[in-house]
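Mapping to the numbering used here: the sequence shown position 20 is 32, numbers consecutive.
Beta carbons are placed, not taken as given, at the ideal position from N, Cα and C, and that holds for glycine.
Data block below; observations after.
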Amino acid sequence: MSLNRGRRIRKAMGQRHINKHYALAAAMGVSESAVSRWCQGGPMTLANVITLCEYLDVSADWLLLGRGGMEQHRQPTPWPAELPFPDLCDRARAHLMRVLQDPASGY
Numbered sequence: 013m014s015l016n017r018g019r020r021i022r023k024a025m026g027q028r029h030i031n032k033h034y035a036l037a038a039a040m041g042v043s044e045s046a047v048s049r050w051c052q053g054g055p056m057t058l059a060n061v062i063t064l065c066e067y068l069d070v071s072a073d074w075l076l077l078g079r080g081g082m083e084q085h086r087q088p089t090p091w092p093a094e095l096p097f098p099d100l101c102d103r104a105r106a107h108l109m110r111v112l113q114d115p116a117s118g119y
């Protein structure tokens, strides 16, 4: 049982203006008692964690483990200053950077 996870679920519900367990339950296709158990730190299936994170638009790391922020999944991933391929020639490195930044650019 994870009371902290239950607190995070309640916090996310409040941030999204979902004040009733039955509203979340109906949206997710689960019982109101399931949502109530989760809010008290009860067990969840992986499928329900994924659905809950998607519906509440929260980070799974934050919901499950308390790591990072509720909306950290929205933050862009920073590019490393240097690519980890020191043996690439400058032309290949530049091409790789273009493809990584814009996959539609292709070859």
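Helix, strand or coil, according to DSSP, for residue i in the structure here?
{"i": "aspartate 114", "result": "coil"}
{"i": "lysine 23", "result": "helix"}
{"i": "aspartate 75", "result": "Note on residue identity: the sequence assigns leucine, not aspartate, to residue 75. It is helical."}
According to the neighbour-count rule (16 or more other Cβ atoms, all chains shown, within 10 Å of its Cβ), is residue i buried or exposed?
{"i": "valine 47", "result": "buried"}
{"i": "histidine 33", "result": "buried"}
{"i": "serine 45", "result": "exposed"}
{"i": "methionine 56", "result": "buried"}
Rank the options by C-alpha distance to the C-alpha of residue i and give the top, closest one.
{"i": "methionine 40", "options": "Arg17, Leu15, Arg105, Leu68", "result": "Leu68"}
{"i": "alanine 37", "options": "Ala104, Thr63, Ser71, Leu77", "result": "Thr63"}
{"i": "glutamine 84", "options": "Leu76, Leu77, Ser71, Gly78", "result": "Ser71"}
{"i": "cysteine 51", "options": "Cys65, Ala104, Ile21", "result": "Ile21"}
{"i": "alanine 24", "options": "Leu76, Arg103, Asp102", "result": "Leu76"}
For the alpha helix (DSSP H) holding residue i, just list the boundary residues, first then last.
{"i": "histidine 33", "result": "33 to 40"}
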